[in-house]
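Q:
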Amino acid sequence: LYHLSAVVLNQHQNLSEFDSVRVKRIRIESDSEVPYQIDGDPGGFLPVNVSVSTQRLQLVIPSDS
């Protein structure tokens, strides 16, 4: 509950247990089967490779939306 309240109050970066590292790509893995989500939808199970794209994302949106 303490950590959740720190996140909600945007104070988590002040916690001694908090570390922040800037990376362009990262691999997240586990010894056990751990599910992950992509924007709230099931994405599969670890391991997963995540990378930051430096290119633009072009979206096509209908005019009536």
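Counting in our numbering, the sequence shown runs from -16 upward without gaps.
Cβ coordinates follow ideal geometry from the N, Cα and C atoms, glycine included.
Computed from a prediction, not measured in an experiment: that's the story for all the values here.
Tell me, to the nearest whole angstrom, how far the beta carbon of R8 is from that of V33; I am working on the premise that it is less than 8 Å.
A: About 7 Å separates the two Cβ atoms, so the contact holds.
Q: Taking the C-alpha atoms as reference points, what is the distance between Q(-6) and S3?
A: Those two C-alpha atoms are separated by around 13 Å.
Q: Measuring only the C-alpha atoms, how far is D22 from S(-12)?
A: So the alpha carbons of these two residues sit roughly 22 Å apart.
Q: What is the residue span of the alpha helix (DSSP H) that V33 lies within?
A: Looking at the DSSP string, V33 is not in any alpha helix (DSSP H); the run it does join, the beta strand (DSSP E), is V31 to S34.
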